[in-house]
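Participant: If you count the sequence shown from 1, position 169 lands on 169 in this note's numbering, and the numbers rise without skipping. What follows is a single structure, and I will ask about it in a moment.
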Amino acid sequence: MQFPLELRLRPSRMIMAPVLVVHLAAALALFHVPSLAIDYLFVETGPALLLAGVLAWAALFASLLHALRAERFKRGCTLWLEDDGLIELNLEGAEAGVLCRVRPHSAVVFHWAVWFRLLAVEPVRGASSAGPWWPSAMMLVAANVPDHDWRLLRIWLRHCADRQSAAADSPR
């Protein structure tokens with residue numbers, strides 16, 4: 001394997017479609033709760049029922065936006081995998097990236113998906129409150145990376161990242 005390894009991420013329709021379906025199912029379930037149905041909220045109801053309905057719909061909408069934002073974040077995101085177990089995350093248009101490592105024992109690697117939690121090694125340079133959003137955890141599926149890089153990412157997570165992350169956290 002040649003390091004650093006560049007992975008250009010892209011959003012996955014395989015992830016966004018189920019997210020939309022699950023949120024649609026939750027919205028349909030809310031329609032069947034009489035006191036939370038949208039048409040019922042505009043009838044004279046008590047303030048507690050109105051507040052509960054508005055909060056339920058707001059939470060559902062916020063959850064949908066958060067899930068889609070997490071997947072869309074991958075467009076224009078590049079991961080640089082280093083041989084010492086570090087990851088540099090770069091966003092298209094950001095002034096600078098962030099140097100991270102995988103938290104010890106947080107990587108879960110399956111044939112079809114990987115999950116890992118990130119720990120910033122250096123503070124995020126060039127990021128303001130209105131700047132780019134940097135994730136603390138990532139879920140990637142095969143559709144998020146080019147085909148030839150999927151196997152390399154899984155090997156890197158199993159061998160380089162976990163070993164180096166555990167070594168960084170061990171007492172000296």
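Beta carbons are placed, not taken as given, at the ideal position from N, Cα and C, and that holds for glycine. Every value quoted in this text rests on a predicted model; they were computed, and no experiment measured them.
How long is the line joining the alpha carbons of residue 114 and residue 7, rounded to whole angstroms?
Facilitator: Computed Cα separation, rounded: 14 angstroms.
Participant: What does the Cβ neighbour count give for residue 97, buried or exposed, with the cut at 16 atoms within 10 Å?
Facilitator: Looking at its Cβ environment, which holds 16 or more other Cβ atoms inside 10 Å, residue 97 is buried.
Participant: Going by CA-CA distance only, name the one from 91, 150, 120 that's closest to residue 104.
Facilitator: The option with the nearest alpha carbon to residue 104 is 120.
Participant: When you compare the region 146–164 with the region 80–90, are there three or more beta-carbon pairs, one atom per stretch, that lie closer than 8 angstroms?
Facilitator: Cβ pair count under 8 angstroms is three or more, so yes.
Participant: First and last residue of the alpha helix (DSSP H) that includes residue 257?
Facilitator: Coverage of the chain is limited to positions 1 through 172, which leaves residue 257 absent and any answer about it impossible.
Participant: What number of angstroms, rounded off, separates the C-alpha of residue 29 from the C-alpha of residue 137?
Facilitator: Cα-Cα distance, rounded: 29 angstroms.
Participant: Where does residue 95 land, buried or exposed, given buried means 16+ other C-beta within 10 angstroms?
Facilitator: Exposed, because fewer than 16 other Cβ atoms sit within 10 Å of the Cβ of residue 95.
Participant: Considering only DSSP beta bridges, list what residue 138 is partnered with.
Facilitator: According to DSSP, residue 138 bridges with 116.
Participant: Do residue 122 and residue 99 come within 8 angstroms of each other at the CB atom, strictly closer than that value?
Facilitator: Yes; because the gap between Cβ atoms is below 8 angstroms, this pair is in contact.
Participant: Quick check on the burial criterion: 16 or more other C-beta atoms within 10 angstroms. Buried or exposed for residue 112?
Facilitator: So residue 112 counts as exposed.
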